[in-house]
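Engineer:
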Amino acid sequence: MSYGVPTVACVISDFTAAWVPYQPFREFATAAAVAMRWAEGQAAQRLLSAVLVTDRKGEYHGEALFEPYLKGRHASPRSPRVDVCPGAVIAHAPTPEALAVATRLARGNALVVVEHPSPWRLAGWAGAVGALDLDTGETTVLDLRLRECLDELVRYGNNGYARGYGRDGAHRVLADMAAGGLLERDVVLSALSAYEVSPRAQLVIAGLIDKVTTMTTHQ
Numbered sequence: 009m010s011y012g013v014p015t016v017a018c019v020i021s022d023f024t025a026a027w028v029p030y031q032p033f034r035e036f037a038t039a040a041a042v043a044m045r046w047a048e049g050q051a052a053q054r055l056l057s058a059v060l061v062t063d064r065k066g067e068y069h070g071e072a073l074f075e076p077y078l079k080g081r082h083a084s085p086r087s088p089r090v091d092v093c094p095g096a097v098i099a100h101a102p103t104p105e106a107l108a109v110a111t112r113l114a115r116g117n118a119l120v121v122v123e124h125p126s127p128w129r130l131a132g133w134a135g136a137v138g139a140l141d142l143d144t145g146e147t148t149v150l151d152l153r154l155r156e157c158l159d160e161l162v163r164y165g166n167n168g169y170a171r172g173y174g175r176d177g178a179h180r181v182l183a184d185m186a187a188g189g190l191l192e193r194d195v196v197l198s199a200l201s202a203y204e205v206s207p208r209a210q211l212v213i214a215g216l217i218d219k220v221t222t223m224t225t226h227q
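If you want the numbering used here, it's the 1-based position in the sequence shown plus 8.
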């Protein structure tokens with residue numbers, strides 16, 4: 009009898025997490041509205057305000073859905089501060105840099121992420137923090153084998169995956185993941201954001217993933 013692949017809800021964060029997975033036929037504004045409704049509810053429970061994080065300020069000026077956040081409640085990697093104490097954070101189609109800002113602002117409170125395939129898929133992040141899927145109402149989980157590989161990968165990153173021990177060790181872990189069918193680029197990279205691996209270090213891992221993938225396809 010098969011019991012399937014073991015999974016685990018990996019809660020490694022200090023905030024309540026949720027996400028709105030990308031659906032190709034759903035209006036992006038509709039997905040944002042789902043996230044905002046959840047975030048506003050979380051913030052109200054804490055008697056605080058919800059704030060918005062995007063990659064750039066100014067990109068949503070003139071869009072009614074976003075207007076309430078654009079004065080004092082909107083942060084970006086270049087302008088990471090807000091004028092209120094956040095009770096919940098909405099990370100709208102975040103880059104790794106924007107997600108790092110959102111994570112910092114959400115500490116001790118709540119964070120919801122709206123996924124878009126550009127710049128990356130976020131299932132790895134969602135599984136690593138045990139995010140509530142706002143479409144299904146279920147907690148997102150990771151393959152237990154993947155969690156163990158990620159734990160090992162993160163341990164090699166104490167020095168930012170500098171050349172030598174850290175980078176060589178990370179390469180070995182990624183090669184093992186590829187051999188085990190566990191190496192999905194966006195899953196790994198977004199999960200590293202949940203572990204608060206810096207965007208710069210993620211670029212190193214992205215390069216290693218490309219090398220491992222190339223080696224695997226030529227075998």
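Positions of the beta carbon are idealized from the N, C-alpha and C atoms, including for glycine.
Predicted, not measured: the structure shown is a model, and the values here were computed from it.
Quick one: what's Ser-57 bridged to in DSSP?
Structural biologist: Answer is Pro-94.
Engineer: Can you give the Cα-Cα distance for Leu-150 and Ala-214, rounded to whole angstroms?
Structural biologist: Rounded to the nearest angstrom, the two C-alpha atoms are 20 Å apart.
Engineer: To the nearest angstrom, report how far apart Val-162 and Tyr-169 are at their CA atoms.
Structural biologist: Computed Cα separation, rounded: 9 Å.
Engineer: Sort Ala-37, Val-220, Lys-219 by Cα distance to His-124 and report the nearest one.
Structural biologist: Comparing Cα-Cα distances from His-124 to each of Ala-37, Val-220, Lys-219, the minimum goes to Ala-37.
Engineer: So for Asp-143, helix, strand or coil by DSSP?
Structural biologist: The answer is coil: DSSP assigns Asp-143 none of H, G, I, E or B.
Engineer: Would you mind stating whether Ala-39 and Val-122 have Cβ atoms separated by less than 7 Å?
Structural biologist: Yes, Cβ-Cβ distance for Ala-39 and Val-122 is below 7 Å.
Engineer: What span of residues does the beta strand (DSSP E) with Ala-118 cover, start to end?
Structural biologist: Its beta strand (DSSP E) spans residues 118-122.
Engineer: For the beta strand (DSSP E) containing Thr-24, list its first residue and its last residue.
Structural biologist: Start and end: 24-28.
Engineer: For Thr-86, tell me which candidate among Thr-62, Ala-99, Ser-126 has the shortest Cα-Cα distance.
Structural biologist: Checking the displayed sequence, the identity of residue 86 turns out to be Arg instead of Thr. Per the Cα distances, Thr-62.
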